[in-house]
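Asks: There's a structure below that I have some questions on.
Chains as they are written, first to last, in our numbering: chain A, 2 to 137; chain B, 2 to 137; chain C, 2 to 137.
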């Protein structure tokens, strides 16, 4: 059994933003030399989520619009008395801080229309994403 | 350490639909001969999700109704200019393409009222689900 | 390769409630003696979810309010004809019954503002949460 770790820094430029990290995750799996196992992409933050979907410009904007509509800023959230970002915490809570993938024959398994994104919910910031591959 | 893979084809008949794949996942775990580990059910699609809940006819319809209400079709989504299914991509993005389970004493661990479903969001289609069990 | 299991009982006191189980999960990882791997927290219930976010009193109430607003009780759900808790099943379906974490150098990896909670959706009840750490 082998375990291999990476940590990537993602710099975001807007409050709500998607950053495609697919190539970083694929490089990580290649460097791990692990043939079969699991790969976890895990965000060390409570105002970020990891999501999987198609990299298409219109859809990326649809995702941003949908998040901002479903988790609106400044609605009198109680957490806003401490830090003005309750909406970002709520979206991260429901969507989740990670996604996990099969590794087969040394490659990350995902569909043709599946890319891996960091969903920034309270940028701009520098975000740390842990990548871990475990297998043989 | 052992790793065992299966891929199942799921044929759906409606645009939004739940297909119970619990017995396929349990057969996969049995065939793996793995006693303790993890089992991942992963959909290779960006308009599908994997979910876990009770197999009850009314609830299945409630889930379909709730998805269609929260992710409505044809709301002027930008992705619809490319392909008329942005609502399906959005639901898959937020719910997620996979669920993972403990394996203990050779059995899939889940609650009495937990079944595993493919949530089709843009059917009818043939869908590919990767099953992977890793352990000892 | 090693696999280590725990099961914790969580007693809830309200219909919707967050219970912070971070210290239980950290104790479990310590007891496992596993240095590098994955840790899964998995709820054996279809009216519970596992979530990760900041332990701040205002935010905890915001999460409860948001769940109750987005998954309202008594809206004529079909499952309510069987058991009066369709709203709880729907929230669990979309949010998910588990979260998974990296284990590195014998410690659970999570961000400074990330705690692990059981999200009770149909309490008060006693809930069983499986903790599993796999690694070396």
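Note that beta-carbon positions come from the ideal geometry of N, C-alpha and C, so glycine has one too.
With distances taken between CB atoms, is the gap from residue 121/C to residue 55/C smaller than 8 Å?
Replies: Residue 121/C sits at position 120 when you count from the first residue of the third chain. Residue 55/C sits at position 54 when you count from the first residue of the third chain. Result no, Cβ atoms of residue 121/C and residue 55/C do not sit closer than 8 Å.
Asks: Should residue 117/C and residue 35/C be called a contact, given that it needs their Cβ atoms to be closer than 8 Å?
Replies: The count along the third chain starts at 1 and reaches residue 117/C at position 116. The count along the third chain starts at 1 and reaches residue 35/C at position 34. Contact flag unset, no.
Asks: For residue 120/A, which beta-bridge partners are listed by DSSP?
Replies: For this step, residue 120/A is matched to residue 119 along the first chain. For residue 120/A, which the question treats as bridged, DSSP gives the partners 19/A, 50/A.
Asks: By how many angstroms is the C-alpha of residue 90/B removed from the C-alpha of residue 72/B?
Replies: As a working note, residue 72/B is residue 71 in the second chain. As a working note, residue 90/B is residue 89 in the second chain. Taking the straight line joining both Cα atoms gives about 9 Å.
Asks: Would residue 109/B and residue 26/B be called neighbours here (beta carbons separated by less than 8 Å)?
Replies: As a working mapping, residue 109/B is identified with position 108 in the second chain. As a working mapping, residue 26/B is identified with position 25 in the second chain. A contact, by the Cβ cut-off of 8 Å.
Asks: At 7 Å on the CB atoms, spell out the chain A contacts of residue 64/C, in chain order.
Replies: Position 63 of the third chain holds residue 64/C. Chain A residues near residue 64/C: 91, 94.
Asks: In terms of residue numbering, what span does the alpha helix (DSSP H) encompassing residue 68/A cover?
Replies: Your numbering for residue 68/A matches position 67 in the first chain. Looking at the DSSP string, the run of the alpha helix (DSSP H) that includes residue 68/A is 58 to 71.
Asks: Among the candidates 61/A, 65/A, 43/A, whose CA atom is the shortest distance from the CA of residue 101/C?
Replies: Counted from its first residue, the third chain places residue 101/C at position 100. Per the Cα distances, 43/A.
Asks: Let me know the secondary structure DSSP gives residue 30/C once reduced to three states.
Replies: Residue mapping note: residue 30/C aligns to position 29 of the third chain, counting from 1. DSSP places residue 30/C in helix when its eight states are reduced to three.
Asks: Have a look at residue 66/B and residue 137/C and give me their C-alpha separation to the nearest angstrom.
Replies: In the second chain, residue 66/B corresponds to position 65, counting from 1. In the third chain, residue 137/C corresponds to position 136, counting from 1. Roughly 45 Å separates the two Cα atoms.
Asks: Counting only Cβ pairs nearer than 9 Å, list the residues of chain A close to residue 53/C.
Replies: To locate residue 53/C, count along the third chain from 1; it is residue 52. Going along chain A in sequence order, the residues near residue 53/C (Cβ under 9 Å) are 47, 93, 94, 97, 98, 99.
Asks: Closest Cβ-Cβ distance between residue 110/B and chain A: below 8 Å?
Replies: Working through the second chain from its first residue, we reach residue 110/B at position 109. It does not; no Cβ of chain A falls within 8 Å.
Asks: Which bits of chain B does residue 107/A rub up against, with CB to CB less than 9 Å?
Replies: Sequence index remark: in the first chain, residue 107/A carries index 106 (1-based). Within 9 Å Cβ-Cβ: nothing; residue 107/A doesn't reach chain B, min ~12 Å.
Asks: So for residue 128/B, helix, strand or coil by DSSP?
Replies: Against the second chain, residue 128/B aligns to sequence position 127. Shown here, residue 128/B sits in a strand according to DSSP, grouped into three states.
Asks: Say the cut is 7 Å; is the CB of residue 69/C nearer than that to a heavy atom of the ligand ADP?
Replies: This structure does not include the ligand ADP; it has no bound ligands of any sort.
Asks: Report yes or no: is there a C-beta of chain A within less than 8 Å of the C-beta of residue 35/B?
Replies: As a working mapping, residue 35/B is identified with position 34 in the second chain. Chain A contact via Cβ: absent.
Asks: Kindly list, in the order they appear in chain B, the residues whose Cβ is closer than 7 Å to that of residue 121/A.
Replies: Stepping through the first chain from its first residue, residue 121/A is reached at position 120. Going along chain B, no residue has its Cβ under 7 Å from residue 121/A, so there is no contact; the nearest lies around 14 Å.
Asks: Would you mind stating whether residue 84/A and residue 80/B have Cβ atoms separated by less than 8 Å?
Replies: In the first chain, counting from the first residue as 1, residue 84/A sits at position 83. In the second chain, counting from the first residue as 1, residue 80/B sits at position 79. It is not a contact, given that the beta carbons lie outside the stated cut-off.
Asks: Does the separation of the CB atoms of residue 12/C and residue 103/B fall below 8 Å?
Replies: Taking the third chain and counting its residues from 1, one reaches residue 12/C at position 11. Taking the second chain and counting its residues from 1, one reaches residue 103/B at position 102. Residue 103/B is positioned such that its CB atom lies no closer than 8 Å to that of residue 12/C.
Asks: Which chain B residues are close to residue 103/A, counting only those with a beta carbon under 8 Å from its beta carbon?
Replies: The residue labelled residue 103/A in the question sits at position 102 within the first chain. Neighbours of residue 103/A in chain B, taken as residues at a C-beta separation under 8 Å, are given in chain order as 6, 41, 43, 131, 133.
Asks: With 8 Å as the threshold, decide whether the Cβ of residue 60/B is near any Cβ in chain C.
Replies: Along the second chain, read from residue 1 onward, the residue named residue 60/B stands at position 59. At least one chain C Cβ lies under 8 Å of residue 60/B.
Asks: Buried or exposed: where does residue 10/C fall if 16 or more other Cβ atoms within 10 Å of its Cβ makes it buried?
Replies: On the third chain, residue 10/C is found 9 positions in, with the first residue counted as 1. Label assigned to residue 10/C: exposed.
Asks: How would you list, in chain order, the residues of chain C whose beta-carbon sits under 7 Å from the beta-carbon of residue 67/B?
Replies: For the purposes of this step, residue 67/B is taken as the residue at position 66 of the second chain. Under the 7 Å cutoff, chain C gives 91.
Asks: Look at the Cβ atom of residue 39/B, then the Cβ atom of residue 135/B, and state whether they are nearer than 8 Å.
Replies: Looking up residue 39/B in the second chain gives position 38. Looking up residue 135/B in the second chain gives position 134. Contact flag set, yes.
Asks: Can you tell me which residues form a DSSP beta bridge with residue 38/A?
Replies: Within the first chain, numbered from 1, the residue matching residue 38/A stands at position 37. For residue 38/A, which the question treats as bridged, DSSP gives the partners 104/A, 136/A.
Asks: Would you tell me roughly how many angstroms separate the C-alpha atoms of residue 126/C and residue 16/C, rounded to the nearest one?
Replies: Looking up residue 126/C in the third chain gives position 125. Looking up residue 16/C in the third chain gives position 15. Taking the straight line joining both Cα atoms gives about 9 Å.
Asks: Just verifying my parser: in three-state terms, what is the DSSP assignment at residue 81/C?
Replies: Position 80 of the third chain, counted from the first residue, corresponds to residue 81/C. Three-state DSSP puts residue 81/C in a helix.
Asks: Please classify residue 91/B: does DSSP put it in a helix, a strand, or coil?
Replies: Counting from one through the second chain, the residue named residue 91/B turns up at place 90. Note: residue 91/B maps to helix in three-state DSSP.
Asks: Using a Cβ-Cβ distance cut-off of 8 Å, determine whether residue 137/B contacts chain C.
Replies: Numbered from its first residue, the second chain carries residue 137/B at position 136. Closer than 8 Å: yes.
Asks: Can you list, in chain order, the residues of its chain with a C-beta nearer than 6 Å to that of residue 6/C? Leave out the 5 residues immediately preceding and following it.
Replies: Residue numbering aside, residue 6/C sits at position 5 when the third chain is read from its first letter. Excluding positions up to five away in sequence, the list reads 133.
Asks: Closer than 8 Å, CB to CB, is residue 76/C near chain A or not?
Replies: The residue given as residue 76/C occupies position 75 in the third chain. No, residue 76/C lies away from the interface with chain A (no Cβ there is under 8 Å from its Cβ).
Asks: In the DSSP assignment, what are the bridge partners of residue 43/B?
Replies: To locate residue 43/B, count along the second chain from 1; it is residue 42. Beta-bridge pairing by DSSP links residue 43/B to 99/B, 131/B.
Asks: Measure from the C-beta of residue 18/A to each C-beta in chain B and report whether the shortest distance is under 8 Å.
Replies: Here residue 18/A is taken as the residue at index 17 of the first chain, counted from 1. Answer no: the Cβ-Cβ gap between residue 18/A and chain B never drops below 8 Å.
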